[in-house]
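Asks: Sharing a structure here in structure tokens format.
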Amino acid sequence: MRVAIIGAGVIGLSSALCIHEQFHSLLPSLQLEVYADHFTPHTTSDGAAGLWQPYLSDHGNLQETLWNKETFDYLLGHLHSSAAKEMGLFLISGYNLFTEPAPDPSWKNIVLGFRNLTPKELQLFPGYSYGWFNTALMLEGRSYLPWLTNRLTQRGVKFFHKKVESFQELFSQGVDVVLNCSGMRSGDLQPDPELQPGRGQIIKVLAPWVKHFIITHDLKSGIYNSPYVIPGSEFTVLGGIYQHGNWSEENNAKDHKSIWDSCCQLLPALQRAKIVGEWSGLRPARPSVRLERERIRLGNLQAEVIHNYGHGGFGITIHWGCAMAAARLFGSILQEKKQLGTPPGPRL
Amino acid sequence: MASPKVAVVGAGVIGLSTALSITETCPSCSVTVLSDQFSPNTTGDVAAGMLIPHTYPDTPIHRQKQWFKETFTYLFAISNSAEASEAGIHLVSGWQIFKSTPKEELPFWSDIVLGFRPMSKAELQKFPQHQFGHAFTTLKCDCPPYLLWLEKRLKATGTQMYTRKVADLWELHGEYDIVVNCTGMGAHQLVGDKQLFPVRGQVLKVHAPWVKQFIRDGDGLTYIYPGIHRVTLGGTREKGSWSLSPDAGTTKDIFDRCCCLEPSLQGAQDIEVKVGLRPSRQCVRVQREVLSQGGVELPVVHNYGHGAGGFSVHRGTANEAAHLVGECISALQGSSSRAKL
Chain A
1 MRVAIIGAGV IGLSSALCIH EQFHSLLPSL QLEVYADHFT PHTTSDGAAG LWQPYLSDHG
61 NLQETLWNKE TFDYLLGHLH SSAAKEMGLF LISGYNLFTE PAPDPSWKNI VLGFRNLTPK
121 ELQLFPGYSY GWFNTALMLE GRSYLPWLTN RLTQRGVKFF HKKVESFQEL FSQGVDVVLN
181 CSGMRSGDLQ PDPELQPGRG QIIKVLAPWV KHFIITHDLK SGIYNSPYVI PGSEFTVLGG
241 IYQHGNWSEE NNAKDHKSIW DSCCQLLPAL QRAKIVGEWS GLRPARPSVR LERERIRLGN
301 LQAEVIHNYG HGGFGITIHW GCAMAAARLF GSILQEKKQL GTPPGPRL
Chain B
1 MASPKVAVVG AGVIGLSTAL SITETCPSCS VTVLSDQFSP NTTGDVAAGM LIPHTYPDTP
61 IHRQKQWFKE TFTYLFAISN SAEASEAGIH LVSGWQIFKS TPKEELPFWS DIVLGFRPMS
121 KAELQKFPQH QFGHAFTTLK CDCPPYLLWL EKRLKATGTQ MYTRKVADLW ELHGEYDIVV
181 NCTGMGAHQL VGDKQLFPVR GQVLKVHAPW VKQFIRDGDG LTYIYPGIHR VTLGGTREKG
241 SWSLSPDAGT TKDIFDRCCC LEPSLQGAQD IEVKVGLRPS RQCVRVQREV LSQGGVELPV
301 VHNYGHGAGG FSVHRGTANE AAHLVGECIS ALQGSSSRAK L
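The listed protein sequences correspond, in order, to chains A and B.
Under UniProt numbering, the letters of the first sequence match residues 1 to 348, in that order.
Under UniProt numbering, the letters of the second sequence match residues 1 to 341, in that order.
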């Protein structure tokens, strides 16, 4: 049973690991192969700061809230393991700031110690009159993806550095199931007008005195179009750009100025911070995550595809819940294949 | 008295902050700092500098609270300004955990730190041996940058600083009008204060930049305090020990206790071991005294004995000491005008 995973970002690698963990002992013939044109540190997941935090509202999409919770609980369970540092996993507390009262988010009971900000705390952030404090997790892609890669390599999963042009290409080579975790470029494999880039740009600085994340919100301009500061283990990420429909992966000078000015206004001490890098990436945005099976007819073959893409700006936040859901879909494929009975042949 | 000459003995966090307070409350004073040690060799340089007060048994609580409040307010303003990183002041959140529920539900400082509340059950799950805890946000004062920042501000006011070992306060008579004694542990010898005793503390300063939260056991012995570049792991409270040499067995013990609370510390690098003697006393001595010898008088303001709580109350006691210096000046001016009659 050959399973090909397209994409080696957080979604592709975690889905591969989840499937291997759950099925390799039940199915000795299981062979996993990861195909990607970009590997860590050049994936979208590597550019993200790595903060676990869903969007403010799930728009009634309870399934996604559940996947977010499963991911948080899974990561929390790993916090005390010896792997935590290698995974790039650690606790972090911080602030979400608003200029007007906002309804509590869907994830208030998932994170630790969620509460409203006190008036004294709000003094830290002139211009913001309302906010939340909570403790969440950081999962840094630059560490997590190599960790996932090592786990997969140990398990005998093969990696192929190549751009897959079509699902058919893989099926014609004898692959039985394809997991489509191609993120932003899913449209190249199968057109999806609902998948659009949510372009982001970030500035990396050295500001080791910053120990909290600070995410501001402008409910009118939309998510991540307002300054944010996220301290990582090696550098601090300054951001606040979300441009729907912009495919450019080039750093933009105007965006740089906007990020720098707005973050320095938020935290004046950042003016002394040393800039060590800059990056632009495309959040694979979709009204909802596409996580479903698709049967593709190729000649007389029934080819199975599991789609797992469109995680926008919350891929790290939701990844494990989606990986488990993808594994369940894979399980159902296996069940069906067994239910097709023994292969046709003469009965003696 | 046109320009009273004030000597501040001691250049640790207490000496420098007291000198600065004096320049603020008495701009006409000429202030000089004299010390045999400067940063990075002061007791405070070893400490983590967390604003979590120590309770002094014999100082009235309202006074301790006032000192803490003034210190917190002062540092809060700096942490919020462009100078925060230069001064080494930053906010940090975390947990204080207890193996058994403490008798005192709320410490006296709970309404001064930010967002103080009991820990939730979910948060306590991280600490299976602990039953209860507090979550809050406070300030951390990284000593080496803070002392450098204080020195810079002092120099800007014209304050002179000299490396000099003062063996006897009377040495300073004639040269200076008022002496301010901020010698910490040194006061044991310098003014013969037998109520002052060392409480030895050993700490590890490690490189573990993924640790963003503080964890402190309510017994005060085990703590993890993330600073700008290093995390301070502690510690010990050895009453009466004068040894400044690091102990290898203690190092291992501290490391093990901290890893128990935060297993990821196993991956910490570049472990540096430091020792400091907390200048401890039943109450902090912030007090005026007029020394007298052979008909000659020397006004002294004492500001020492802050033990485990120096950073937490430094600005408050500095202000009080500066106020006492003001009283000394008035007394001197009063007696000099009487002398003219």
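We put the CB at the ideal spot given by N, CA and C, even for glycine.
Check whether chain B comes within 8 Å of residue 349(A), counting only Cβ atoms and requiring the distance to be less than that.
Replies: Not covered by the structure: residue 349(A). The range shown for chain A is 1 to 348.
Asks: Output, in chain order, the set of chain A residues within a Cβ distance shorter than 8 Å of N80(B).
Replies: Neighbours of N80(B) on chain A, chain order: Q123, L124, P268.
Asks: With burial defined as no fewer than 16 other Cβ atoms inside 10 Å of the residue's Cβ, what is the status of Q53(A): buried or exposed?
Replies: Label assigned to Q53(A): buried.
Asks: Mapping DSSP to helix, strand and coil, what is D193(B)?
Replies: Coil at D193(B), not helix or strand.
Asks: Using a Cβ-Cβ cut-off of less than 9 Å, list which residues of the segment 71-97 of chain A approach chain B; keep chain order.
Replies: Taking 9 Å as the Cβ-Cβ cut-off against chain B, the residues of the segment 71-97 of chain A that qualify are L76, L79, H80, S81, S82, A84, K85, E86, G88, L89, F90, L91, I92, S93, G94.
Asks: Between the C-alpha atoms of P343(A) and K337(A), what's the straight-line distance to the nearest angstrom?
Replies: Caution is warranted here: a pLDDT of 46 is assigned to P343(A), below 50, making its placement in the model unreliable, and no coordinate value can be reported.
Asks: By the 7 Å beta-carbon criterion, what residues does the segment 42-57 of chain B contribute toward chain A?
Replies: Residues: none.
Asks: Would you decide whether G15(B) is buried or exposed? Buried here means 16 or more other CB atoms lie within 10 Å of its CB.
Replies: It counts as buried.
Asks: Please identify the residue among A36(A), A303(A), G310(A), I333(A) whose C-alpha is closest to the C-alpha of S172(A).
Replies: Considering only alpha carbons, the answer is A303(A).
Asks: Would you decide whether N109(A) is buried or exposed? Buried here means 16 or more other CB atoms lie within 10 Å of its CB.
Replies: It is exposed - the Cβ of N109(A) has fewer than 16 other Cβ atoms within 10 Å.
Asks: Can a CB atom of chain A be found closer than 8 Å to the CB of K5(B)?
Replies: Chain A contact via Cβ: absent.
Asks: Just to make sure I have the definition right: I need the residues of chain A whose C-beta is within less than 7 Å of the C-beta of G267(B). Which are they?
Replies: K85, listed in chain order.
Asks: Between which two residues does the alpha helix (DSSP H) holding N150(A) run?
Replies: Residues 141-154.
Asks: G115(B) and Q213(B): beta carbons closer than 8 Å?
Replies: Not in contact: G115(B) and Q213(B) (Cβ atoms no closer than 8 Å).
Asks: Are the segment 35-44 of chain A and the segment 143-150 of chain A touching, with three or more C-beta to C-beta distances below 8 Å?
Replies: Touching, yes, given that three or more Cβ pairs across the two stretches are closer than 8 Å.
Asks: Enumerated in chain order, which unbroken segments of the beta strand (DSSP E) with a length of 3 residues or greater are wholly contained in the segment 133-217 of chain B?
Replies: Fully enclosed beta strand (DSSP E) runs of 3 or longer: 160-163, 178-181, 197-207, 214-217.
Asks: DSSP state of L277(B), grouped into three classes?
Replies: Residue state, collapsed to three classes: strand.
Asks: At what residues does the alpha helix (DSSP H) containing R257(B) begin and finish?
Replies: Note, R257(B): alpha helix (DSSP H), 248-261.
Asks: What residue range does the beta strand (DSSP E) around P226(B) cover?
Replies: Residues 223-226.
Asks: With DSSP collapsed to three states, give me the class of E83(B).
Replies: Residue state, collapsed to three classes: coil.
Asks: So that I know if they touch, is there some Cβ in chain B lying closer than 8 Å to that of K211(A)?
Replies: Chain B, which has a Cβ nearer than 8 Å to the Cβ of K211(A), makes this yes.
Asks: Taking 7 Å as the limit between beta carbons, can you name the residues of its chain near F314(A), skipping five residues before and five after?
Replies: Excluding positions up to five away in sequence, the list reads P54, Y55.
Asks: Among K162(A), G94(A), L117(A), F98(A), which one has its Cα closest to the Cα of V111(A)?
Replies: Here the closest residue by C-alpha is G94(A).
Asks: Going by alpha carbons, who is nearest to residue 342(B) out of A47(B), L139(B), Q37(B)?
Replies: Since the displayed chain B opens at 1 and closes at 341, residue 342(B) lies outside it and no answer follows.
Asks: Mark T153(A) as exposed unless 16 or more other C-beta atoms lie within 10 angstroms of its C-beta, in which case mark it buried.
Replies: Exposed, by the Cβ-count rule.
Asks: On the DSSP letters alone, give me the boundaries of the beta strand (DSSP E) that V300(B) sits inside.
Replies: That run of the beta strand (DSSP E) goes 296-304.
Asks: Give the secondary structure of P284(A) by DSSP, where H, G and I count as helix, E and B as strand, and everything else as coil.
Replies: P284(A): strand per DSSP, three-state reduction.
Asks: Smallest Cα separation from I112(B): which of Q66(B), Y146(B), Q129(B)?
Replies: The shortest Cα separation from I112(B) among Q66(B), Y146(B), Q129(B) belongs to Q66(B).
Asks: Pick from G232(A), H217(A), L76(A): whose alpha carbon is nearest that of P209(B)?
Replies: When only C-alpha atoms are compared, the closest one is G232(A).
Asks: Quick one: using the 10 Å Cβ neighbour count with 16 as the cut-off for buried, is A2(B) buried or exposed?
Replies: The residue in question, A2(B), is exposed, as its Cβ has fewer than 16 Cβ neighbours within 10 Å.
Asks: Please report whether the beta-carbon of F133(A) lies at a distance below 8 Å from any beta-carbon of chain B.
Replies: It does: the Cβ of F133(A) has a partner Cβ on chain B nearer than 8 Å.
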